[in-house]
Amino acid sequence: MCSSATMSDGYTYVYDIIILLGDIFIRLLKMVIAPLILTSIIIGISSIKDRAKIGRLGFKTFLYYISTSLIAILIGLALANTIQPGLGASKISDVEAYDTSQLDSPSSLLDILKTMIPENPISAFANNDMLSIIFFAVFFGIVLNLVSSKYSTSIRSGVESIYNIIIKMTQIIIACAPIGVFGLMVKAVSKSGFSIFQDLGLYAATIASGLSIHLFIILPLILIIFVRVNPLTHFRAMASAMVTAFSTSSSSATLPVTMKCVKDNVKVSNQTSSFVLPMGATINMDGTALYECVGVLFIAQALGIPLDASQQFIVVITALLASIGAAGIPSAGLVMLFIVTDAVGLQSDAVALWVGSMLAIDRPLDMFRTMVNISSDSVGAAVIAKSEGEKLY
Ligand code: ASP
């Protein structure tokens with residue numbers, strides 16, 4: 001018969017292992033972020049070739065991507081500040097150790113721009129300095145197209161190979177999510193009790209409302225104003241892609257269906273759709289952008305660390321960059337959340353615990369935001385095709 005001391009030692013041991021699994025899971029996720037955004041951005045940016053012809057198309061496409069993602073983020077920002085989903089959230093006890101002076105508060109936009117430029121890209125990479133990595137990747141991607149193909153071809157295929165390997169690693173890590181999430185949930189519940197689930201309800205409702213506003217109001221308005229079409233006609237044309245996005249939670253996996261719907265039903269030319277959609281599947285993620293913004297404000301509110309205007313400005317910019325850098329695979333947006341939390345200096349165990357808890361209910365939100373992501377890509381393809389004088393529907 002075991003003595004009670006041995007039994008409780010046994011429980012502590014099992015508890016420690018469960019907690020360890022959660023910590024390992026978060027470390028694995030963080031491990032892939034830097035190589036993932038470096039390679040995905042280089043591939044995305046460098047895929048814009050044929051400068052003269054593509055210039056005009058590229059400009060319109062980027063304008064569309066950036067503006068719709070920013071609109072989505074601003075909807076998220078407004079909702080998160082009015083609903084304040086994290087305000088009443090129970091405090092996870094690590095927070096006491098939190099030093100709010102750690103929060104980065106750059107004095108100006110120029111300051112943000114300056115610190116984005118790494119003095120040493122290797123050290124930016126080593127320190128997981130996301131903004132600097134993104135800056136380097138964008139610059140590298142642009143210049144990759146300016147050097148002779150003798151040099152660029154091998155680099156591009158090397159980067160593509162690394163990207164595919166990292167994507168596979170990410171998928172494997174995400175497949176371990178149930179175990180990791182279990183560990184993180186045990187830790188979260190042991191620190192704050194079951195009220196954590198109640199807290200997440202308001203967070204999920206905030207994101208769902210934001211996504212609904214974007215999908216049912218903003219995108220239809222864009223269709224009416226710029227494409228002059230009944231939004232229902234467009235969404236009917238895109239129905240099978242939207243269902244696929246919803247069920248796979250992956251923009252990349254949905255891409256073939258999105259392309260088929262846009263070409264066959266919306267009647268966008270091959271040229272426009274093959275320019276706008278593949279890039280859109282990785283770069284243009286309105287739903288993810290909104291989610292990043294609400295997620296970080298929620299965590300900050302739950303930790304009792306209000307973000308001031310300049311910090312919220314950083315959230316807007318980094319949420320945009322994180323959505324650009326997020327891969328089109330399930331839960332990629334959640335991985336990217338750390339970029340935004342890091343950018344405003346929210347770095348503590350409690351942040352990882354909240355992200356872990358958010359992961360526990362991420363799937364339905366991921367399904368919804370992926371559907372918004374590909375819907376925005378399809379609306380973009382229609383807007384750009386229309387502006388090029390194509391006859392649609
Ligand atoms: N699953 C999303 C997509 O593929 C990305 C995300 O996690 O937000 O579009």
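So that you can map any letter, position 260 of the sequence shown is 260 in the working numbering, and since no number is skipped, the others follow by simple counting.
Here a beta-carbon is modelled for each residue, glycine too, at the ideal position from N, C-alpha and C.
Terminal residues of the alpha helix (DSSP H) in which residue i lies
{"i": "Ile165", "result": "Ser149 to Ala175"}
{"i": "Phe125", "result": "Pro121 to Ala126"}
{"i": "Ser323", "result": "Ala309 to Gly325"}
{"i": "Gly389", "result": "Looking at the DSSP string, Gly389 is not in any alpha helix (DSSP H), and its letter there is neither H nor E."}
{"i": "Ser274", "result": "Asn270 to Ile283"}
{"i": "Ser348", "result": "Here Ser348 belongs to no alpha helix (DSSP H), and DSSP marks it neither H nor E."}
{"i": "Leu219", "result": "Leu219 to Ile222"}
{"i": "Gln84", "result": "Premise fails: Gln84 is in no alpha helix (DSSP H) and is neither H nor E."}
{"i": "Leu290", "result": "Asp286 to Ala302"}
Three-state secondary structure assigned by DSSP to residue i
{"i": "Met238", "result": "coil"}
{"i": "Arg363", "result": "helix"}
{"i": "Val189", "result": "helix"}
{"i": "Lys267", "result": "coil"}
{"i": "Ile75", "result": "helix"}
{"i": "Ala204", "result": "helix"}
{"i": "Ala395", "result": "An answer regarding residue 395 cannot be provided, because it is not within the stretch 1 to 393 covered by the chain."}
{"i": "Val372", "result": "helix"}
{"i": "Tyr393", "result": "coil"}
{"i": "Arg228", "result": "coil"}
{"i": "Phe194", "result": "coil"}
Cα-Cα separation between residue i and residue j, rounded to whole angstroms
{"i": "Val186", "j": "Gly55", "result": "52 Å"}
{"i": "Gly210", "j": "Ala78", "result": "9 Å"}
{"i": "Leu144", "j": "Ile133", "result": "16 Å"}
{"i": "His234", "j": "Ala289", "result": "23 Å"}
{"i": "Ala381", "j": "Tyr64", "result": "10 Å"}
{"i": "Ser152", "j": "Leu36", "result": "20 Å"}
{"i": "Leu223", "j": "Gly183", "result": "45 Å"}
{"i": "Ile19", "j": "Gly333", "result": "23 Å"}
{"i": "Lys60", "j": "Ile225", "result": "16 Å"}
{"i": "Phe125", "j": "Phe136", "result": "10 Å"}
{"i": "Phe216", "j": "Phe197", "result": "28 Å"}
{"i": "Phe194", "j": "Phe25", "result": "22 Å"}
{"i": "Ser123", "j": "Val227", "result": "46 Å"}
{"i": "Trp354", "j": "Ala188", "result": "8 Å"}
Exposed unless 16 or more other CB atoms sit within 10 angstroms - verdict on residue i
{"i": "Asp362", "result": "buried"}
{"i": "Ser148", "result": "exposed"}
{"i": "Tyr13", "result": "exposed"}
{"i": "Ser251", "result": "buried"}
{"i": "Gln301", "result": "buried"}
{"i": "Tyr11", "result": "exposed"}
{"i": "Gly158", "result": "exposed"}
{"i": "Glu119", "result": "exposed"}
{"i": "Ala239", "result": "exposed"}
{"i": "Val379", "result": "buried"}
*asked:* Tell me whether the segment 251-266 and the segment 38-48 touch, counting them as touching only if at least three CB pairs, one residue from each stretch, are closer than 8 Å.
replied: no
_When you compare the segment 301-312 with the segment 264-284, are there three or more beta-carbon pairs, one atom per stretch, that lie closer than 8 Å?_
In short, these stretches do not touch, since the Cβ pair count stays below three.
*Are the segment 64-73 and the segment 165-182 touching by the rule of at least three beta carbon pairs closer than 8 Å?*
no
*Say whether the segment 270-281 touches the segment 289-300, bearing in mind that this needs 3 or more beta-carbon pairs closer than 8 Å, one atom from each stretch.*
no
_Could you check whether the segment 354-374 touches the segment 195-209, counting it as contact only if at least three pairs of C-beta atoms, one from each stretch, sit closer than 8 Å?_
yes
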